[in-house]
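What follows is a single structure, written as C-alpha cells, with notes after it.
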Amino acid sequence: MNLLEAMERTGMTETNLAIAWIKDAVVEMQSTVELDIDTTDQSIVDGTRSYVLPPGIVSIISVSVKNTTNDTYERIRRFAGELLLESDESP
Numbered sequence: 098m099n100l101l102e103a104m105e106r107t108g109m110t111e112t113n114l115a116i117a118w119i120k121d122a123v124v125e126m127q128s129t130v131e132l133d134i135d136t137t138d139q140s141i142v143d144g145t146r147s148y149v150l151p152p153g154i155v156s157i158i159s160v161s162v163k164n165t166t167n168d169t170y171e172r173i174r175r176f177a178g179e180l181l182l183e184s185d186e187s188p
C-alpha cells in the first residue's frame, strides 16, 4: 500500500499530516521491538577459510579480532576474493 492508497482509505486530504503520522507510527514500532543480539567467539585456525555460524543467525553486524598485545578487539572488514598479505619489515 502506498501513501495515496492509505490517504484514500482513511479519507485524509493533507499529505504532510499523513506522512507525519506514518513516520510517527514507524518510530513507535521500532521502539517497541527488542533486538536479539548475540555474541559468539571462535578461534581462528591457520588454513581454515570457512567457519560454522550459530544456527538461526540472520545477519552479521561486525567481525572483530583480538589483539593479543593490548587485549583489545579490533573490527575488521569483510574480504571478498583472495586476501593479499604482506609483511612489514620496517622498524
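Just so you know, we're using our numbering here: the sequence shown kicks off at 98 and counts up by one.
Cβ atoms here follow ideal geometry from the backbone N, Cα and C, with glycine treated the same way.
Run through DSSP, which three-state label would residue 166 get?
coil
Which whole-angstrom value describes the C-beta separation of residue 115 and residue 104, a residue pair presumed to lie in contact below a C-beta threshold of 8 Å?
5 Å
Which of helix, strand or coil DSSP assigns to residue 161:
strand
Closest to residue 142 by CA distance: which of 133, 174, 162 and 102 is it?
162
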